[in-house]
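*Asks:* Its first residue numbered 115, the sequence shown is counted upward by one per residue in this note's numbering. There's a structure below that I have some questions on.
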Amino acid sequence: MSKGGRRVRIFSALEVANICGVVNQTAINWIRNGHLKAFTTPGGQYRIYAKDLAAFLGKRGMSASGEVLNVMMENANWDSLMIAMGPPTNENLRIEIEKIFGNYKIIQATDWFEVGRKIAGEKPGFILLDEELPGVDPSKFIQTVKEDPSFGRPFIFLLTNGHGAEVSSQADMILTKPLDLANLEAVIKNFEKQISAAIA
Numbered sequence: 115m116s117k118g119g120r121r122v123r124i125f126s127a128l129e130v131a132n133i134c135g136v137v138n139q140t141a142i143n144w145i146r147n148g149h150l151k152a153f154t155t156p157g158g159q160y161r162i163y164a165k166d167l168a169a170f171l172g173k174r175g176m177s178a179s180g181e182v183l184n185v186m187m188e189n190a191n192w193d194s195l196m197i198a199m200g201p202p203t204n205e206n207l208r209i210e211i212e213k214i215f216g217n218y219k220i221i222q223a224t225d226w227f228e229v230g231r232k233i234a235g236e237k238p239g240f241i242l243l244d245e246e247l248p249g250v251d252p253s254k255f256i257q258t259v260k261e262d263p264s265f266g267r268p269f270i271f272l273l274t275n276g277h278g279a280e281v282s283s284q285a286d287m288i289l290t291k292p293l294d295l296a297n298l299e300a301v302i303k304n305f306e307k308q309i310s311a312a313i314a
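Right, here's the structure in full:
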């Protein structure tokens, strides 16, 4: 779903607060009072497009530093989806997902080494992460990916048996097993519409 190769940078309310030198609640108040345009994720978290942040900064007479401008240019590849889970399920799910998202690049990772390497190298826009992938605490992993702009700030779906409550505030959305592919499709299609509107 790349639009002419352009990428869309999306910020959290906390990132906006850090950029502007205010507390998180102030950024949330700007959003709630209509000063800063934002949308909410299915998990209820605010997200701000780079162009809307740039417009906000301009209206307020605030300049973005060179570092912030560079970060604004970084982004995930929103036409790619990573499946991060064990081998047999991973391959079966890839086949089903490709039927729905034929225009997406599907990236597979079956262990944490592959997950880290492929996120850093390919910056998938969407990550379907099985909380039972052994070897790493998913909560710490999601926090690391969300806090480090070099990963492109992907949208992370945590696939859980119902034990993912402790990381639900960090993942963009919790999905339960067995995976409802129609639900996954609906969420991604809605996200695509938001990105298309931001680019237009």
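Using N, Cα and C, we set each Cβ at its ideal position, and we do this for glycine too. It should be emphasised that the depicted structure is a prediction, and the values quoted were computed from it without experimental measurement.
Take every Cβ of the segment 155-171, pair it with every Cβ of the segment 199-210, and state whether three or more of those distances are shorter than 8 Å.
*Replies:* Not touching, per the Cβ criterion.
*Asks:* Between which two residues does the beta strand (DSSP E) holding residue 244 run?
*Replies:* 238-244 is the span of the beta strand (DSSP E), which, as asked, contains residue 244.
*Asks:* Can you look up residue 159 in the DSSP assignment and give me helix, strand or coil?
*Replies:* Coil.
*Asks:* Taking the continuous alpha helix (DSSP H) assigned at residue 193, which residues delimit it?
*Replies:* First-last for residue 193: 191-198, but that is the beta strand (DSSP E), not the alpha helix (DSSP H).
*Asks:* Identify the continuous beta strand (DSSP E) that holds residue 315 and give its terminal residues.
*Replies:* There is no way to answer for residue 315, as the model of the chain reaches only from 115 to 314.
*Asks:* If we ignore side chains and look at the alpha-carbon of each, how far apart do residue 256 and residue 176 end up?
*Replies:* Going from the Cα of residue 256 to the Cα of residue 176 covers about 31 Å.
*Asks:* Which residues bound the beta strand (DSSP E) around residue 223?
*Replies:* Run containing residue 223: 219-223, per the beta strand (DSSP E) assignment.
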